[in-house]
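2 protein chains.
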Amino acid sequence: MLKRLPRVVREQQMLDAAVKVFSRRGFHAASMDEIAEVAGISKPMVYAYLGTKDELFLACLQREATRLMEAVAAGVVPTARPDEQLWNGLRAFFAFVGAHRDGWQVLYRQARSEPPFAAELSAMRTRIVEVVAGLLEGAWAQAEANRTAVADDFLAMAFAYVGAAESLADWLADHADEDPEHTATRMMNFVWVGADALLQGRVWRA
Amino acid sequence: MLKRLPRVVREQQMLDAAVKVFSRRGFHAASMDEIAEVAGISKPMVYAYLGTKDELFLACLQREATRLMEAVAAGVVPTARPDEQLWNGLRAFFAFVGAHRDGWQVLYRQARSEPPFAAELSAMRTRIVEVVAGLLEGAWAQAEANRTAVADDFLAMAFAYVGAAESLADWLADHADEDPEHTATRMMNFVWVGADALLQGRVWRA
DNA sequence: GCGTAACCTTACGCACGAGTAGGTAAGGTG
DNA sequence: CACCTTACCTACTCGTGCGTAAGGTTACGC
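Heads up: the protein sequence lines correspond to chains G and R, in order. Per the numbering used here, the very first residue in the first sequence carries number 84; after that it's consecutive. Per the numbering used here, the very first residue in the second sequence carries number 84; after that it's consecutive.
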């Protein structure tokens, strides 16, 4: 109607629309018709450019994931101390989520429960968990702790921390007034103080 | 064909089947036909006893939630020290998840992403978060800390801990060889050692 | 200016699955 | 034994939404 636009532009518009609709409705309840309408284009164009509904969702997921990863990577200084790396990473992470509440709250949560995409998401999550586990292991080595630890221990711990971060990201997504910086501080506090105490050999016993 | 069974029995069979199918396929991909088939009964019976698909799912959710709550409540001794209450609660929680991997992994994760049920689940979650926040506040009061804290701080912290626990529950659901007791120990360690250090006034600074 | 390739549309086919109509048989109760 | 209530079935209707066929229109190279 208004203008004929080049493919790359339309594709981004479609992805924007798709993210918005998927996030509002959930994967199944979202209809290709609505996505097309929100994108201001007709349905066959969506199929022509981005493929089937599954492929479209995957494309959304990958775009958002890439952006998130890049945002975090951009915030981190690889030469800094482990705790500062963590701090910078968390700041970038929560800032991103705060700015993309839609994208976060639903794409990641959504993908998790849809069997076809769960694997994809799980793989990304695993990469993050491994990075965090690496940081922990680095800090552990520096602390010259006298206890022994297995790789699985770091992994499980990292797993828990990532879960906590995701949970706080949800909190953030729901509390419009919460400052992402503040959320990052909360997280940093209990992660690092807790981890630090643990690494120094303090253990809880029944 | 085989036997005519009383209503209550059939209802439980149907719920069992529904949980299994919902967990395997996800809410939308699960068909009422398959649920009926797994339950060894015809579809109209499901409608007659448990109502529409939404109502059926809700019934599953509520049954599982109730069981979980009861399992945890049964494990906790209300007169014990806060850390022991937490320990007992966590043990019961992970034991339950370990024994009901199906129910957990999918019902809760599933419900979260389906708009019609998200509210229900969110309410349950909030109740748990508040209990944990209460425990933290109790411990805080006992520690006679000299810093000030707001209710929101405890809530956010509890939120993060619950997220971490859920994350470890997923880990447990995926690692058939992991012992629930061990998972509970992991959790207890970093929650309590971390919280303890925090409550004693140790704070991380940039 | 004219072909052709890229952009874009309307209008459909078709499968799948929620929910129902209408009917059969079992087993208890008088 | 007549009855009625409860358990149970087969066989449909019908909406919804994915994916596509077939055709129109604008821009750009030559």
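Just so it is clear, CB atoms sit at the ideal spot from N, CA and C, and this is done for glycine as well.
| query | result |
| --- | --- |
| Just checking, does the stretch 248 to 256 of chain G make contact with the stretch 174 to 188 of chain G on the three C-beta pairs under 8 Å criterion? | yes |
| Where in the stretch 208 to 251 of chain R do unbroken runs of the beta strand (DSSP E), each at least 3 residues long, occur, reported from the N-terminal end onward? | none |
| My guess is that R:I124 and R:R93 are in contact by the Cβ rule of under 8 Å, so how many angstroms apart are they, rounded? | 7 Å |
| When you compare each of R:E261, R:A222, R:Q145, R:Y244 to G:N272 by their alpha carbons, which one comes out closest? | R:Y244 |
| Please report the Cβ distance between G:L133 and G:M97, rounded to the nearest whole angstrom; I am assuming they are in contact, meaning their Cβ atoms lie under 8 Å. | 6 Å |
| So which residues of chain R does G:L111 contact, with C-beta pairs closer than 7 Å? | With the sequence shown as reference, residue 111 of chain G is identified as His, and Leu is not the correct amino acid for it. Within chain R, the residues near G:H111 are H111. |
| Span of the alpha helix (DSSP H) holding G:W170? | 165 to 182 |
| Going by other Cβ atoms of all chains shown within 10 Å of its Cβ, with 16 needed for buried, is G:R192 buried or exposed? | buried |
| The stretch 112 to 135 of chain G: which residues have C-beta closer than 8 Å to a C-beta of chain R, in chain order? | A112 |
| Checking 9 Å against the spacing of the C-beta atoms, do G:V212 and G:A194 come in under that value? | no |
| Under 9 Å between C-beta atoms, does G:W287 make it to chain R? | yes |
| Could you check whether the stretch 259 to 267 of chain G touches the stretch 99 to 108 of chain R, counting it as contact only if at least three pairs of C-beta atoms, one from each stretch, sit closer than 8 Å? | no |
| Given a cut-off of 9 Å, decide if R:L218 and R:L169 are closer than it, judged by their beta-carbon atoms. | yes |
| For R:D260, report the span of its alpha helix (DSSP H) as first-last. | First-last for R:D260: undefined, no H or E at that position. |
| Can you tell me whether G:R208 is buried or exposed, with buried defined as 16 or more other CB within 10 angstroms of its CB? | buried |
| Which word fits R:V274, buried or exposed, when buried means at least 16 other C-beta atoms lie within 10 angstroms of its C-beta? | buried |
| Considering Cα atoms alone, identify which of R:D279, R:A206, R:L173, R:A202 is closest to R:M270. | R:L173 |
| From G:S114, G:V160, G:R108, pick the residue whose C-alpha is nearest to that of R:E197; which is it? | G:R108 |
| How would you label G:E138, buried or exposed, when you count the other beta carbons within 10 angstroms and need 16 or more for buried? | exposed |
| Would you report the Cα separation of R:F176 and R:T266, rounded to the nearest angstrom? | 10 Å |
| Could you name the residues of the stretch 239 to 250 of chain R whose beta carbon sits closer than 8 Å to any beta carbon of chain G, in the order they occur along the chain? | A239, M240, F242, A243, Y244, V245, G246, A247, A248, E249, S250 |
| Is the CB-CB distance between R:A280 and G:D99 below 9 Å? | no |
| Any beta-carbon of chain G closer than 9 Å to the one on R:W187? | no |
| Grouping DSSP H, G and I as helix and E and B as strand, with all else coil, what is R:K86? | coil |
| Which term fits R:E167, buried or exposed, when burial requires 16 or more other beta carbons within 10 angstroms of its beta carbon? | exposed |
| Taking 9 Å as the threshold (beta carbon to beta carbon), is R:G172 in contact with chain G? | no |
| Taking only the alpha-carbon atoms, compute the straight-line gap between G:A178 and G:R146 and give it to the nearest angstrom. | 17 Å |
| How far does the alpha helix (DSSP H) with G:A156 in it extend, from its first residue to its last? | 136 to 158 |
| To the nearest angstrom, how far is the alpha carbon of R:N171 from that of R:A216? | 16 Å |
| List, in order along the chain, the chain G residues whose C-beta lies closer than 8 Å to that of R:H270? | One point to set straight first is that residue 270 of chain R is Met, not His, in the sequence displayed. Neighbours of R:M270 on chain G, chain order: A243. |
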